[in-house]
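J.: First the structure, then my questions, so here it is.
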Amino acid sequence: MEINKSLSIPLYQQVRGYLKEKIISGEWEVGYQLPTEKELASQFDVSSITIKRAVLELVNEGLLHRQSGKGTFVTQIEEKDISKFVSLKNESWEQHHHPHKLLSFKKDPAGRKVGKLLEIKPDEDVYKINRLKIQNDSPVVIEHSFIPSALFPDLQQSDIDNDLLYNIFIKKYGAQLKKARIYFSTILADEYEANLLEVPIGEQLFVFERYTVTKDNKAVEYSKFVLKQDQSKYFLEVQL
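Residues in the sequence shown are numbered from 1 upward in steps of one, following full-length UniProt numbering.
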């Protein structure tokens, strides 16, 4: 186990990243007992203080738990249903259980990339909405949403404060939603994402991109969800 001491990334973050990868990948299964802090310090050639801080952060994330007099163990990873990112049924549940903090709300030209995604001209206006989802008083998801203003005139910040997008589309504008497509990827947290999600810069994050269309095949929304890994793994159940 080697740590690159020439990097600008703090040593405890490098150790934390290595340990976290062992857990997330499943190499260290639920109930696995970690080596002692003294043993880990020797393996990584770092101080016990560095190991203690790395382990403490993983305990706070819920990936590890300590048992007095016994040691540190890998915790059960929570499974989360990806369908909650597209299901109309789950939108209401999410709003009630996981409140959002509105970061910004403005109307600007779509630009080339977003215009192409929403099948509109680059100079056509879209609502640009940034929100932070909170769970158990902790930030868990950054949401970036883009909505064609021509389809939803007079959308107000107060609408976004009080409800979720799908609910607004249906209740306020009578939109008939047909389907959503989701793409999955990962990124490394930049300074902006690290600050909002309270993770180190360079932390691996999940990214879900959602495209929603109506029954007459009009693109009504493009949203990008940036999630920290924490103690979760995501699943999608398909009926056969």
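Don't be surprised by glycine CBs; every beta carbon is placed ideally from N, CA and C.
In this text the structure is predicted, and so the values were computed from the model without any measurement.
Measure the CB-CB distance between I51 and L40 and report whether it falls below 7 Å.
T.: Yes. Within cutoff.
J.: Roughly how many whole angstroms lie between the Cα atoms of G26 and I142?
T.: Cα to Cα, the separation comes out at about 26 Å.
J.: In the structure shown, what three-state DSSP assignment does A110 receive?
T.: Three-state result, A110: coil.
J.: Let me know if F152 comes out buried or exposed under the rule of 16 or more other beta-carbons within 10 Å of its beta-carbon.
T.: When all chains shown are included, F152 counts as buried.
J.: Spatial neighbours of Y211 within its chain, please: C-beta separation below 6 Å, excluding the five flanking residues on both sides.
T.: Excluding sequence neighbours, Y211 sits near R181, Y222.
J.: Please state whether DSSP places E209 in a helix, a strand or coil.
T.: Strand at E209.
J.: Expressed to the nearest angstrom, what Euclidean distance is found between the alpha-carbon atoms of V199 and N4?
T.: In a straight line, the C-alpha of V199 is about 20 Å away from that of N4.
J.: Are the CB atoms of V226 and E193 within a distance shorter than 7 Å?
T.: For E193 and V226, yes; Cβs fall inside 7 Å.
J.: Roughly how many angstroms lie between the CA atoms of N217 and S48, to the nearest whole one?
T.: Straight-line Cα distance between these residues: approximately 59 Å.
J.: Taking the continuous alpha helix (DSSP H) assigned at Y12, which residues delimit it?
T.: It spans 11-24 - the alpha helix (DSSP H) in which Y12 sits, taken as one unbroken run.
J.: Between the alpha carbons of K22 and F73, how many angstroms are there, rounded?
T.: Taking the straight line from one Cα to the other gives about 12 Å.
J.: Label K178 either buried or exposed according to how many other C-beta atoms from any shown protein chain fall within 10 Å of its C-beta, with 16 as the threshold for buried.
T.: Counting Cβ neighbours within 10 Å, K178 comes out exposed, since fewer than 16 surround it.
J.: Give the DSSP-derived three-state secondary structure of T186 in the structure shown.
T.: Here T186 sits in strand by DSSP.
J.: According to the Cβ coordinates, are Q157 and K215 closer than 7 Å?
T.: Not a contact, by the Cβ cut-off of 7 Å.
J.: Taking only runs that begin and end inside the stretch 110-173, name each unbroken beta strand (DSSP E) of 3 or more residues, in chain order.
T.: For the stretch 110-173, whole beta strand (DSSP E) runs of length 3 or above, ordered along the chain, are 125-135, 138-148.
J.: Output the distance between the C-alpha atoms of P10 and D137, rounded to the nearest integer angstrom.
T.: Spanning the two alpha carbons is a distance of roughly 27 Å.
J.: Quick one: give me the first and last residue of the beta strand (DSSP E) that T72 is part of.
T.: 71-74 is the extent of the beta strand (DSSP E) around T72.
J.: Which class does V199 belong to by DSSP, given the choice of helix, strand or coil?
T.: Coil.
J.: On the three-state DSSP scale, how would you describe K228?
T.: Note: K228 maps to strand in three-state DSSP.
J.: Mapping the DSSP letters down to three states, classify Y222 as helix, strand or coil.
T.: Strand, per DSSP.
J.: Cα separation between S92 and K172?
T.: Confidence is the limiting factor: at S92 the pLDDT is only 47, short of 50, which leaves the residue's position unreliable, though a coordinate-based value still follows. Taking the straight line joining both Cα atoms gives about 15 Å.
J.: CA-CA distance, G69 and E37?
T.: Near 13 Å, if we compare the C-alpha coordinates of E37 and G69.
J.: So F169 packs on V114, CB below 8 Å; how close in whole Å?
T.: Not quite, the Cβ-Cβ distance comes to about 18 Å (not below 8 Å), so this is no contact.
J.: Name, in chain order, the residues that DSSP records as bridge partners for T214.
T.: L177, per the DSSP bridge assignment.
J.: Please report how far the alpha carbon of K224 lies from the alpha carbon of F146, in whole angstroms.
T.: Rounded to the nearest angstrom, the two C-alpha atoms are 9 Å apart.
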